[in-house]
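J.: Numbering (my numbering), first residue to last: 11 to 343.
Using N, Cα and C, we set each Cβ at its ideal position, and we do this for glycine too.
If you're wondering where the values come from, they're calculated on a predicted model, not measured in any experiment.
Below is one structure. I have some questions about it.
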């Protein structure tokens, strides 16, 4: 059913499955936010800034930014220190000797540029808002180091759009383990066959959706020309459908078109929703996946159950096995 053209029988089956969906599970990196493309844009912009503002040579600017991004992709977090300290250290190690003293100035400029280019597209914000107005439950399920992923959630103000946010490093499992999907089902009080997983990685998002026996899996490859958009003949766990972009979901879920045109939430209202949304024990920069929007004194039973799922507030020092694999460092430009 992953092929672009479906037979009449397949179309009927697919439409039937779509009609039964009551919850959507989204991946974060390279699905909801353009992590790979955004990081590439930010690093190119910063390279220009190093030349114009800090008088780097073109070669030094290019080498410094490439070296940093490779190191950052390989190990974006170190639980023995803060995100800011770790990234400043990576910049200092990436700069030529005569420029190392600029690391403290360069890091915040890179961070500002990064989140400028990682912003959730306005059309996607409208899609999430329509989903909520149409009565769908929404969960964000992301693999990656806790502090780094929660920083994205906080800085991009996405928490308020979701009923549940799960970060793998806060839990005993990561995608494609079915238990991380079952945790979301428990939090949202839905059955697996009522849920659709949307993500860019066949080996985590799509495989995990199948292992958890979710109703549908939607694959959003990074680009139609990339190796990710390969033939699916040899893939064991095939997506039910491939999306060229998230907005194609409107075609398959008519309820989204029936709701009123949403007004884009203001930055202040989204931030308020995030801050009052209950990180379930987590700070914006720390660990702890969060579900529902109740305060700590009003937690639902699903939120209380989450405490049993947590692995703890820290990861093994320098453990990069759970790094941002979505942003493989072999294609950083």
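1. Under the assumption that residue 166 contacts residue 43 (Cβ atoms under 8 Å), give the Cβ distance between them as a whole number of angstroms.
2. State the start and end residues of the unbroken alpha helix (DSSP H) segment that holds residue 150.
3. Quick one: any contact between the stretch 131-139 and the stretch 256-275, if contact means 3 or more CB pairs under 8 Å?
4. Nearest-angstrom Cα distance between residue 249 and residue 221?
5. When you compare only the Cα positions, how much space is there between residue 137 and residue 107?
6. At the level of alpha carbons, what is the spacing between residue 86 and residue 23?
7. What is the rounded straight-line gap between the Cα of residue 115 and the Cα of residue 60?
8. Leaving out the 5 sequence neighbours to the left and right, which residues in its chain are closer than 8 Å to residue 270 when beta-carbon positions are compared?
9. If contacts are defined as beta-carbon pairs under 8 Å, then residue 149 and residue 194 qualify, I think. What distance do you get, rounded to the angstrom?
10. May I ask you to list the residues that DSSP assigns as paired with residue 34?
11. Given that a residue counts as buried once 16 or more other Cβ atoms are within 10 Å of its Cβ, and exposed if not, what is residue 251?
12. CB residue 45 to CB residue 37, shorter than 7 Å?
13. Measuring alpha carbon to alpha carbon, tell me which residue in 190, 219, 89 is nearest residue 204.
14. Quick one: is residue 68 buried, meaning 16 or more other Cβ sit within 10 Å of its Cβ, or exposed?
15. Taking Cβ positions, are residue 56 and residue 75 nearer each other than 7 Å?
T.: Reading from the atomic positions:
1. For this step, residue 166 is matched to residue 156 along the chain shown. For this step, residue 43 is matched to residue 33 along the chain shown. Indeed, because the Cβ distance is near 6 Å, the residues count as touching under 8 Å.
2. Against the chain shown, residue 150 aligns to sequence position 140. Segment 147-152 is the beta strand (DSSP E) holding residue 150; no alpha helix (DSSP H) there.
3. When Cβ pairs closer than 8 Å are counted between the two stretches, the stretch 131-139 is seen to touch the stretch 256-275, the count reaching three or more.
4. Sequence index remark: in the chain shown, residue 249 carries index 239 (1-based). Sequence index remark: in the chain shown, residue 221 carries index 211 (1-based). C-alpha separation (whole angstroms): 12 Å.
5. Start at 1 with the first residue of the chain shown, and residue 137 comes out as number 127. Start at 1 with the first residue of the chain shown, and residue 107 comes out as number 97. In a straight line, the C-alpha of residue 137 is about 47 Å away from that of residue 107.
6. Counting from one through the chain shown, the residue named residue 86 turns up at place 76. Counting from one through the chain shown, the residue named residue 23 turns up at place 13. Taking the straight line joining both Cα atoms gives about 42 Å.
7. Mapped onto the chain shown, residue 115 falls at position 105. Mapped onto the chain shown, residue 60 falls at position 50. Straight-line spacing of the CA atoms in residue 115 and residue 60 works out to 11 Å.
8. On the chain shown, position 260 is the one that residue 270 refers to. Taken in chain order, the residues that qualify are 143.
9. Looking up residue 149 in the chain shown gives position 139. Looking up residue 194 in the chain shown gives position 184. By a beta-carbon distance limit of 8 Å, residue 149 contacts residue 194. Their separation comes to about 4 Å.
10. Against the chain shown, residue 34 aligns to sequence position 24. In the DSSP secondary-structure assignment, residue 34 is bridged to 148, 206.
11. The residue given as residue 251 occupies position 241 in the chain shown. Here residue 251 is buried. Its C-beta has 16 or more other C-beta atoms within 10 Å.
12. If you number the chain shown from 1, residue 45 lands on position 35. If you number the chain shown from 1, residue 37 lands on position 27. In this structure, residue 37 does not lie closer than 7 Å to residue 45 by Cβ.
13. As a working mapping, residue 204 is identified with position 194 in the chain shown. Closest option to residue 204, judged by alpha-carbon separation, among 190, 219, 89: 219.
14. Your numbering for residue 68 matches position 58 in the chain shown. So residue 68 ends up on the exposed side.
15. Sequence index remark: in the chain shown, residue 56 carries index 46 (1-based). Sequence index remark: in the chain shown, residue 75 carries index 65 (1-based). Cβ atoms of residue 56 and residue 75: closer than 7 Å.
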